[in-house]
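When the letters of the sequence shown are read in order and numbered with the numbering used here, they come out as residues 8 to 399.
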Amino acid sequence: MNMTARTISLSPATTQLHMTDAEHPIVGGRVELQLLTTLKCNLKCSYCSMSVGEVLGSQTELKYGIEQLAAFIERNLGGKEIYVTFYGGEPTLNREMMETVMRRFPSFRYQLQTNGTLLDNLPDWMLHKLSNVLVSVDGGEQTTDGYRGRGVWRQVHKNVNHVRDRLGGSVTARVTWGSSDTSFGELDDLAESFDYLYWQFVADEQYFGDSLDKRKAVLIQLIDKFFLRTDKLYPLIPIMGIVRNKVLPNRAKELYAGQTQCRVSTHIINVMPDGKIFPCPDMTYVPSMQMGEIQGNWLNKSPLQLHPDMPCAACEAYSWCRGNCMKNLYLGYVKKDERYRINVVEPICELVRFMGREIDRHDPHAWFAEAALPVRKELIDAEIYEYVEIMP
């Protein structure tokens, strides 16, 4: 790892200095600077999106220095509120880089997305500066170990319990909902033992047979429990996000200037270890997706935007979903990958629409009207929305 200063060469790309808000490649006043510390990982999860295009393990050392990063931030992100997410691979495998960045930019907010197996190796001062830690688990012990390896679930829970009192912010269970046999009990246990639960429906061909019906049955139970109480929030981020957008439909439009809610279109940039910048961490294998570079000190608008071939505008969910996963939509409708569209994109969209219908069945406006003020405030303004997609 090399975070020493180097000579900075500027590309002919348009400078960001003195740009108007409309011209700036980042939409809004905040930016998520997602730094991939390394593409190495100490696990081999069976569904890993980084394995597509042989990205995982392809870059193990940084090719830019800390002062180059500082120059990039000053030129392209000046005036923005910056929160950094350390990502990978497994980001804690390059703890030195994390420490260097956190010391160089002490006023930024920080998040860590980790598999949790090395979480207990971080010093107290680093843990204290983390606004949120996303810990990747897949459900209960059997499900998680099935995807990640024997003993991983127990190790992760041990580590989370070990550091929890020293964390500066929240700890979130980040679930890739792959198995159709994942039960309500597994997800409910995570919601009760972590500050928040976020899940993402796996972007893989795992939606055959009765798998959609099985997932819908679990969603019904989760949504039912969400609406049982008005004095305490059941901390399921995808449900929270849909309810917020239904009750306050202008909120998503205000935050994302009327664009897609998927952060890759607006305010997240993913910096690879080699310094190249992409909008989506799952599409770093596509050269045409590059939108910037640290060493060249340039940044362009995200190429992942709503496209006329995407059917979102005519969808019943669009007013509150707002085109949530641009990678899926891009591959399925713009790149015309028919197999991916039929087997991945359409089933996931159906699950999201189903969630919306189930939420409507509980009359979210009436529930919100009865909710305690702290519940309403957290539903509207939860900081966790800034660190994850708020829908699957």
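C-beta atoms are modelled at their ideal positions from N, C-alpha and C, and glycine is treated no differently.
By a beta-carbon distance limit of 8 angstroms, Thr179 contacts Ile391. Their separation comes to about 6 angstroms. For Ala259, the enclosing alpha helix (DSSP H) stretches over residues 257 to 262. Cβ contact annotation for Ser138 (same chain, cutoff 8 angstroms, sequence separation greater than five): Tyr90, Arg116, Tyr117, Gln118, Gly175, Gly176, Ser177, Glu390, Tyr394, in chain order. In terms of Cα proximity to Asn168, the closest of Thr124, Asn83, Leu84, Ala379 is Thr124.
About 7 angstroms separates the Cβ atoms of Leu129 and Thr99, confirming a contact at the 8 angstroms cut-off.
Each of Cys48, Gly36, Pro32, Leu76 was checked against the Cα of Gly282, and the nearest Cα belongs to Leu76.
For Gln228, the enclosing alpha helix (DSSP H) has its first and last residue at 218 to 233. In the DSSP assignment, Arg155 forms no beta bridge with any residue.
If you look at Lys334, you'll find it isn't in any beta strand (DSSP E); it sits in the alpha helix (DSSP H) that goes 333 to 336. Taking all protein chains in view, the Cβ of Trp327 is crowded by 16 or more other Cβ atoms within 10 Å, so the residue is classified as buried. For Ala180, no alpha helix (DSSP H) run applies; the uninterrupted beta strand (DSSP E) run containing it begins and ends at 177 to 184, by DSSP. Where Lys283 is concerned, the enclosing beta strand (DSSP E) starts and stops at 283 to 285.
Contact annotation, Gly147 with Glu193: C-beta distance approximately 4 angstroms; criterion of less than 8 angstroms satisfied. Residues of the same chain with a CB within less than 7 angstroms of the CB of Gly248, apart from the 5 flanking positions on each side, are Tyr392, Ile397, Met398 in chain order. For Phe208, the secondary structure class from DSSP, reduced to helix, strand or coil, is strand. Counting of Cβ neighbours within 10 angstroms places Phe201 among the buried residues, the total reaching 16 or more.
According to the DSSP secondary-structure assignment, Val278 is paired through a beta bridge with Leu42, Ile284. Taken atom to atom, the span from the alpha-carbon of Ala376 to that of Val254 is near 10 angstroms. Comparing alpha carbon positions, the residue from Thr150, Ser114, Arg102 closest to Asp127 is Arg102.
Distances from the alpha-carbon of Val34 to those of Ile349, Tyr263, Val359 put Tyr263 closest. Counting every other CB atom within 10 Å of its CB across the protein chains shown gives Arg110 a total below 16, marking it as exposed.
For Val352, the CB contacts under 6 angstroms within the same chain, skipping 5 residues up- and downstream, are Asn335, Gly339 in chain order. Taking the Cα positions, Phe215 is about 18 angstroms away from Asp344. In this chain, the alpha helix (DSSP H) harbouring Tyr325 covers 325 to 328.
Val341 sits close to Asp316, with the two beta carbons spaced by under 9 angstroms. Here DSSP, grouped into helix, strand and coil, assigns Glu30 to coil. With respect to the 9 angstroms criterion, Met279 and Leu311 are not classified as neighbours on the basis of their beta carbons. Exposure of Leu380 is indicated by the presence of fewer than 16 other C-beta atoms within 10 angstroms of its C-beta. When Trp374, Arg251, Phe208, Tyr337 are compared, the shortest CA-CA separation from Glu385 is found for Arg251.
The alpha-carbon of Glu357 is positioned some 33 angstroms away from that of Leu46. Note: Glu88 is bridge-paired with Arg37 in the DSSP secondary-structure output. With respect to the 9 angstroms criterion, Asn122 and Val142 are classified as neighbours on the basis of their beta carbons. Counting only the Cα atoms, Asn166 lies some 11 angstroms from Val159.
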